[in-house]
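Residue numbers (this note's numbering), protein chains in the order written: chain A, 744 to 1014; chain B, 320 to 632; chain C, 1251 to 1538.
Every residue, glycine too, gets a C-beta built ideally from N, C-alpha and C.
Shown next, in structure tokens, is the structure this report addresses.
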């Protein structure tokens, strides 16, 4: 898909502010091609949503950026994936460092079976921080940023599994924030949550976007319209490989889509 | 100006801005040990094979394999010594046949009872008791056979001694029962309920369903269970050492005193000169024993895999 | 129109069910009888002196203290070798191994090792630890031999325990830049610990009851003192039982029952301990 349809206003930007970038990327699981020829630039400190019908490779695309696809045997990436203009599939890249910079929140909240404090402190501890005072500061800061501090500050030593679904998801976000990433990937973060919890998380996303680059996969179009600055519409082609159909400002994509397929999806003719 | 030059220099020196591969030597070290530990089981298995072959095969330079397998005289200290293992092989055969003949029908029947007939309360009570049986050490079973069973067998069959293949076989049956029951019960439980429902819907009684649907459906699993039980009986040492009688003649009936292969090794190895002919002969018996139990276990493992695949959806 | 199964079919069913319950009885009754006999015959011999004194009069009198100590040394020695190696092998198989011929060989080796007769392990211990490594007939050789036998079990139970930790935990940890080993050490292993320990306790229980290997590799009947180093020979309950039951003429019956009862008590109490650990862990996981 040509990049010429990308029109970015003063906030977003020109090439040098592309935080993440893919160039002609193909993704294979064994002999099955999951993504075809994806070329896309994700802007810094904006919320970009990846939308499209289920099965079109949105999650696989997201996982390109933190190399979580590596965990699947037979997964193979062709083409270039960059963060800050550095190719991340290079053999000299440290995947663990990459995942510190590019954090991920999953569809189903997955707090560790530990206390709330330990959950958030887990990442910093593993990265070498031992001083309890320092850890306490980090935990407090992260829980504040995740809009969860007020609800849990008096029960930090309780098990994280006792929290509600929405709280658990915010805890997972706090856990990611604690390692000070630059990018936060969110894979359908609200699909397992009720509408109230969902709205809280959407608010949270907007506040986080001032400091972090956020990419969110969502099958909920209204959410994409509410929350994101830019949207990329993916679709599955006949051989079930996912391809990028259209990418642009959310407002434009939803009111004036340039591709008929985008228009069909948005108006609900399929999906 | 200078600052710009410095940061440019830094950027050039580290074009990947901190994402470069870290060494993490401490972790590599631990992961190396983990890999070695993973290999350990293969190493031990190979070690067993190599040792048995190295120490046991030399006997065949002294006694031909034919004489070894089919010879009936085991006189390690005579001059010249003869090493024929038929007495041991036939003894193993006898105790295994006795044990299997008793344990298989009882074990399968018990498994069918637990799986299909018993109420869950009965099942929850019986299963721990059967697990208890599985936990009794073989030397204790040997002791029980010695103290309690062999006098009974002696008087019941009017024998000179109750230390014979029959007594050993009965105790071996008891020892094989838990594994036969457990694996058979798993196999029966694995038969999908839809089959039973279909049978009832056709008007069959519960017993008819068990007989014509459940048991045939669990056939491979039950076969595997039987093979595991047989393997257990063949490989058991202390029980047969203590109860089977230890006689060196080829046993003609189960009520003869006899010495199965495992007992032959256990009783002979203490006296054998290390590296001497008897030593080699005993290791050769060990090799044969290893091959037999290995084959039985491999086959039952394959059969169990096939049963799992049969009902995988 | 009456809808009933014919009388003969009902009769066959009742007869068949009768036979099935008889099978169950035939399995269960001997166990109960055995336990009862032990309690009746053995408890008479058990006394404080029996448990804490050395044997005298060639074992016909006195106590079995050294045999009890020897058995505990053996259990300890077995688990000291078999547990760490078993856990590491379990970690390798679940977290690092790829699906290739090497992994298949390892799994095959584990299945095979589990089926090797204990006397063959004894021969292995004799050839390798006693002779090749020159440890001689000793506590060390016996512990290593029993550890080889226990390894198949500790690997299998560790592997299952680690596999039961949900993969979502691992994903969540890796996705915030924690290395694979750190994830295992700080997240997966603590969760898998109850299962691993259950396996270890069961392996110890089995080691306590094994006779054939130690018969060949270092156990002795009457020794002047307790083993002072791992290179010494040792007494052990199963070997003691075997000898007094089958090789000492004129042995008072109650003593033999006593030895057997003590051995049985040690083995069964560890089995029960393992079951308790397993049940408590399951209850805790369901409540979390």
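What does a CB cutoff of less than 6 angstroms around residue 528 of chain B pick up in its chain, not counting 5 residues either side in sequence? 515 and 518
7 angstroms CB neighbourhood of residue 1331 of chain C in its chain, flanking five on each side removed: 1393, 1394 and 1397
Under the three-state reduction of DSSP, which class applies to residue 339 of chain B: helix, strand or coil? strand
Please determine, among C/1442, C/1514 and C/1370, the residue with the shortest C-alpha to C-alpha distance to residue 1455 of chain C. C/1514
Can you name, in chain order, every residue of its own chain whose Cβ lies under 8 angstroms from the Cβ of residue 711 of chain A, other than the five neighbours on each side? In the structure as shown, chain A starts at 744 and stops at 1014, and residue 711 of chain A therefore has no counterpart that could be examined.
Is there contact here, the stretch 826-833 of chain A with the stretch 1005-1012 of chain A, by at least three beta-carbon pairs under 8 angstroms? With fewer than three CB-CB distances shorter than 8 angstroms, the stretch 826-833 of chain A does not count as touching the stretch 1005-1012 of chain A.
DSSP on residue 545 of chain B, reduced to helix/strand/coil? In the structure shown, residue 545 of chain B adopts helical secondary structure according to DSSP, grouped into three states.
Use the C-beta contact count for residue 897 of chain A: other C-beta atoms within 10 angstroms, 16 or more gives buried, fewer gives exposed. exposed
Going by DSSP, which residues form a beta bridge with residue 1305 of chain C? C/1312
Check the C-beta distance from residue 840 of chain A over to residue 1427 of chain C and give it rounded, since I have them as a contact under 8 angstroms. Their Cβ separation, rounded to whole angstroms, is 7 angstroms, which keeps residue 840 of chain A and residue 1427 of chain C in contact under 8 angstroms.
Quick one: what does DSSP say residue 930 of chain A is sitting in, helix, strand or coil? strand
Length at least 4, wholly inside the stretch 823-879 of chain A: the alpha helix (DSSP H) runs in chain order: 838-844 and 859-869
Using DSSP bridges, identify the partner residues of residue 973 of chain A. Answer is A/791 and A/992, bridged to residue 973 of chain A.
Per DSSP, which one or two residues make a beta bridge with residue 1399 of chain C? DSSP lists no beta-bridge partner residue for residue 1399 of chain C.
On a Cα-Cα basis, can you pick out the residue from A/994, A/908, A/776 and A/887 that is closest to residue 932 of chain A? A/908
Classify residue 1348 of chain C as helix, strand or coil using the three-state DSSP reduction. coil
Contacts of residue 616 of chain B in chain C (Cβ-Cβ under 9 angstroms): 1361, 1362, 1364, 1365 and 1366
Give me the Cα-Cα distance between residue 490 of chain B and residue 863 of chain A, rounded to the nearest whole angstrom. So the two alpha carbons sit approximately 59 angstroms from each other.
CB contact below 7 angstroms: residue 714 of chain A versus chain B: This structure does not reach residue 714 of chain A, given that chain A is present from 744 up to 1014, and the question cannot be answered.
Using a C-beta cutoff of 7 angstroms, does residue 1438 of chain C count as contacting chain A? Proximity of residue 1438 of chain C to chain A, defined by a Cβ-Cβ separation below 7 angstroms, is not satisfied.
Limits of the unbroken alpha helix (DSSP H) element including residue 1441 of chain C: Unbroken alpha helix (DSSP H) run through residue 1441 of chain C: 1439-1459.
Is the separation between the beta-carbon of residue 430 of chain B and that of residue 374 of chain B shorter than 7 angstroms? With contacts defined as CB atoms closer than 7 angstroms, residue 430 of chain B and residue 374 of chain B fail to qualify as a contacting pair.
Measuring alpha carbon to alpha carbon, tell me which residue in C/1532, C/1316, C/1292 and C/1277 is nearest residue 1487 of chain C. Each of C/1532, C/1316, C/1292 and C/1277 was checked against the Cα of residue 1487 of chain C, and the nearest Cα belongs to C/1316.
Per-residue burial, residue 604 of chain B [other beta carbons within 10 Å of its own, 16 or more giving buried]: buried
Compute the Euclidean distance between the alpha carbons of residue 806 of chain A and residue 360 of chain B, then round it to the nearest angstrom. 37 angstroms
DSSP state of residue 954 of chain A, grouped into three classes? coil
When we look at the beta-carbon of residue 882 of chain A and count the other beta-carbons within 10 Å, is it buried (16 or more) or exposed? buried
By the DSSP assignment, the beta strand (DSSP E) with residue 590 of chain B in it spans what residues? Run containing residue 590 of chain B: none; DSSP gives neither H nor E here.
Chain C partners of residue 915 of chain A, CB-CB under 8 angstroms? 1422
What residues match up with residue 393 of chain B in a beta bridge as DSSP calls it? B/402
Interface positions of the stretch 1341-1352 of chain C facing chain A (Cβ-Cβ less than 9 angstroms), listed along the chain: 1348 and 1349
How about residue 1446 of chain C and residue 1411 of chain C: do their beta carbons lie closer than 7 angstroms? yes
Using a Cβ cut-off of 7 angstroms, which residues of the stretch 936-962 of chain A contact any Cβ in chain C, in chain order? Taking 7 angstroms as the Cβ-Cβ cut-off against chain C, none of the residues of the stretch 936-962 of chain A qualify.
Take the Cβ of residue 1251 of chain C as the centre, count every other Cβ of all protein chains shown within 10 Å, and call the residue buried at 16 or more, exposed below. Model confidence at residue 1251 of chain C stands at a pLDDT of 49, short of 50, so the residue's coordinates are unreliable; what they give is reported in the following sentence. Its Cβ having fewer than 16 others within 10 Å, residue 1251 of chain C is exposed.
Could you say which of B/396, B/545 and B/468 lies nearest to residue 506 of chain B if we only look at CA atoms? B/545
Roughly how many angstroms separate the alpha carbons of residue 357 of chain B and residue 1409 of chain C, rounded to a whole number? 11 angstroms
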